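Enquirer: Shown below is the structure under consideration.
Numbering (my numbering), first residue to last: 75 to 392.
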């Protein structure tokens, strides 16, 4: 795994340069902070569903199906461990909903997909979709409840949940899985258009982050004293606990026979805080700026954290 550190570092650096490009577009006066809204809508409602559907466009085989199931297991272990630890740390560390979700949920889609495509190839995007599926199911149930609290009526909760269930990203997961298991192929021009649009998701999402960063005073990010604690938990502490859990399971025959397969899921577990947390904060009016700062700060720190955690995984698991 350690041989992949430099390719990963190169791709992370390229993503951060895209963030810088977004910052410069704002600082030069060509764009305003508000211009990120239409780009966000394009990313959420078009590009992200395209990359999900495209990730399922590989030939169904016994090996692919078995690998996908294994990645689902890796993803379930990671997400439920993070939720458990977030719940345990809530009271001792006095975590707010924004902080707890920032620790528990990662930017497994927009940030990880371009990394995996660049370093491992498009055929591994299918296995990232396993983590994305588990992530979406949890963030729109557990995460939603965490932000709404117990005061929200059951009818309102069900109405919002049904609305989210019809979200294009959730529908894309079901549609992609349907194509994968039924072996139905889309017409070539349509498949090519979906694939090309999906490849834009990493670049556009990094530009959005840069535009948001360019529209705020950078020093504000560093003035949040707890942002360092939250970043440490998200990028180092929880991923290390996940590694130790995987180490315990590695005694099971075949559990880690394919290190690359695990690393694809592991990258999702060590990714920065989810951009969805900032979206929830805006929706419910809870610490919007703080949530955005955590997302931006943890994204910037990945240039250091991901190589370190990949190195640790190599030492702990081999």
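Beta carbons are placed, not taken as given, at the ideal position from N, Cα and C, and that holds for glycine. Just so you know, these numbers come straight off a predicted model, no measurement behind them.
(1) Would residue 323 pass as a contact of residue 175 if the rule is Cβ separation under 8 Å?
(2) Going by beta carbon distance, what residues of the same chain come within less than 7 Å of residue 269, once the five residues before and after it are set aside?
(3) Among 221, 77, 100, which one has its Cα closest to the Cα of residue 362?
(4) Excluding the five sequence neighbours on either side, which residues of its own chain have a C-beta within less than 6 Å of the C-beta of residue 396, listed in chain order?
(5) In three-state terms, what does DSSP make of residue 347?
(6) In whole angstroms, what separates the C-alpha of residue 140 from that of residue 101?
(7) Whose CA, out of 368, 211, 258, 79, lies closest to the CA of residue 236?
(8) Residue 365 to residue 79, Cα distance in whole Å?
(9) Quick check on DSSP: helix, strand or coil for residue 47?
(10) For residue 200 and residue 130, which I take to be in contact (beta-carbon distance under 8 Å), what is that distance rounded to the nearest angstrom?
(11) Can you give me the C-alpha to C-alpha distance between residue 327 and residue 218, rounded to a whole angstrom?
(12) Can you confirm whether the region 83-96 touches the region 269-285 when touching is taken to mean that 3 or more C-beta pairs between the two stretches lie within less than 8 Å?
(13) Cβ of residue 105 within 8 Å of Cβ of residue 111?
(14) Short check: CB of residue 168 to CB of residue 349, under 8 Å?
(15) Please check the pair residue 194 and residue 334, which I expect to be a contact at CB under 8 Å, by giving their CB distance rounded to whole angstroms.
(16) In terms of residue numbering, what span does the alpha helix (DSSP H) encompassing residue 270 cover?
(17) Determine whether the beta carbon atoms of residue 391 and residue 330 lie at a separation below 8 Å.
(18) Taking the alpha helix (DSSP H) that residue 311 falls in, what are its first and last residues?
(19) Which residues in the same chain as residue 146 place their Cβ atom closer than 6 Å to its Cβ, once the five residues preceding and following it in sequence are excluded?
(20) What does a CB cutoff of less than 7 Å around residue 415 pick up in its chain, not counting 5 residues either side in sequence?
(21) Assuming contact is defined by CB atoms lying nearer than 8 Å, are residue 209 and residue 314 in contact in what I supplied?
(22) Alpha carbon to alpha carbon, how far is residue 384 from residue 142? Give it in angstroms, no decimals.
(23) Tell me, which residues are paired with residue 180 by DSSP?
(24) Which of the three DSSP states, helix, strand or coil, is assigned to residue 153?
(25) How about residue 83 and residue 381: are their beta carbons less than 8 Å apart?
(26) With distances taken between CB atoms, is the gap from residue 297 to residue 370 smaller than 8 Å?
Expert: Well, looking at it:
(1) Counting from one through the chain shown, the residue named residue 323 turns up at place 249. Counting from one through the chain shown, the residue named residue 175 turns up at place 101. No, they are not a contact pair.
(2) Here residue 269 corresponds to residue number 195 of the chain shown, with the count starting at 1. Within the same chain, residue 269 has close Cβ partners 128.
(3) Position 288 of the chain shown holds residue 362. Cα-wise, what sits closest to residue 362 is 221.
(4) Within the shown structure, residues of the chain are numbered from 75 to 392, placing residue 396 beyond reach of any answer.
(5) Position 273 of the chain shown holds residue 347. Strand at residue 347.
(6) What you label residue 140 is simply residue 66 of the chain shown in a count that begins at 1. What you label residue 101 is simply residue 27 of the chain shown in a count that begins at 1. The C-alpha of residue 140 lies about 49 Å from the C-alpha of residue 101.
(7) Sequence index remark: in the chain shown, residue 236 carries index 162 (1-based). Residue 211 is the option with its Cα nearest to residue 236.
(8) As a working mapping, residue 365 is identified with position 291 in the chain shown. As a working mapping, residue 79 is identified with position 5 in the chain shown. Their Cα atoms are separated by approximately 29 Å.
(9) This structure cannot settle anything about residue 47, because the visible part of the chain is limited to 75 through 392.
(10) Numbered from its first residue, the chain shown carries residue 200 at position 126. Numbered from its first residue, the chain shown carries residue 130 at position 56. The beta-carbon distance between residue 200 and residue 130, rounded to whole angstroms, is 6 Å. This is short enough to meet the 8 Å contact definition.
(11) Start at 1 with the first residue of the chain shown, and residue 327 comes out as number 253. Start at 1 with the first residue of the chain shown, and residue 218 comes out as number 144. The alpha-carbon atoms of residue 327 and residue 218 are separated by roughly 37 Å.
(12) yes
(13) As a position in the chain shown, residue 105 is number 31, starting the count at 1. As a position in the chain shown, residue 111 is number 37, starting the count at 1. Not closer than 8 Å, so no.
(14) The residue given as residue 168 occupies position 94 in the chain shown. The residue given as residue 349 occupies position 275 in the chain shown. Against a cut-off of 8 Å, the Cβ pair of residue 349 and residue 168 comes out as no contact.
(15) As a position in the chain shown, residue 194 is number 120, starting the count at 1. As a position in the chain shown, residue 334 is number 260, starting the count at 1. Right, their Cβ atoms sit about 7 Å apart.
(16) As a position in the chain shown, residue 270 is number 196, starting the count at 1. Segment 262-272, the alpha helix (DSSP H) holding residue 270.
(17) Numbered from its first residue, the chain shown carries residue 391 at position 317. Numbered from its first residue, the chain shown carries residue 330 at position 256. Yes, the pair counts as a contact, with Cβ atoms nearer than the cut-off.
(18) Residue mapping note: residue 311 aligns to position 237 of the chain shown, counting from 1. Here residue 311 belongs to no alpha helix (DSSP H), and DSSP marks it neither H nor E.
(19) Indexing the chain shown from 1 puts residue 146 at position 72. Cβ within range, chain order: 204.
(20) It is not possible to answer for residue 415, since the shown part of the chain is limited to 75 through 392.
(21) Translated into positions along the chain shown, residue 209 becomes position 135. Translated into positions along the chain shown, residue 314 becomes position 240. No, Cβ-Cβ distance for residue 209 and residue 314 is not below 8 Å.
(22) What you label residue 142 is simply residue 68 of the chain shown in a count that begins at 1. What you label residue 384 is simply residue 310 of the chain shown in a count that begins at 1. Their Cα atoms are separated by approximately 21 Å.
(23) Along the chain shown, one-based indexing puts residue 180 at 106. Note: residue 180 sits in a beta bridge opposite 347.
(24) The sequence position of residue 153 within the chain shown is 79, counting from 1. Judged by DSSP in its simplified three-state form, residue 153 adopts helix.
(25) Locating residue 83 in the chain shown gives position 9, counting from the first residue. Locating residue 381 in the chain shown gives position 307, counting from the first residue. It is a contact, given that the beta carbons lie within the stated cut-off.
(26) The count along the chain shown starts at 1 and reaches residue 297 at position 223. The count along the chain shown starts at 1 and reaches residue 370 at position 296. Here residue 297 is not near residue 370, since their CB atoms are 8 Å or more apart.
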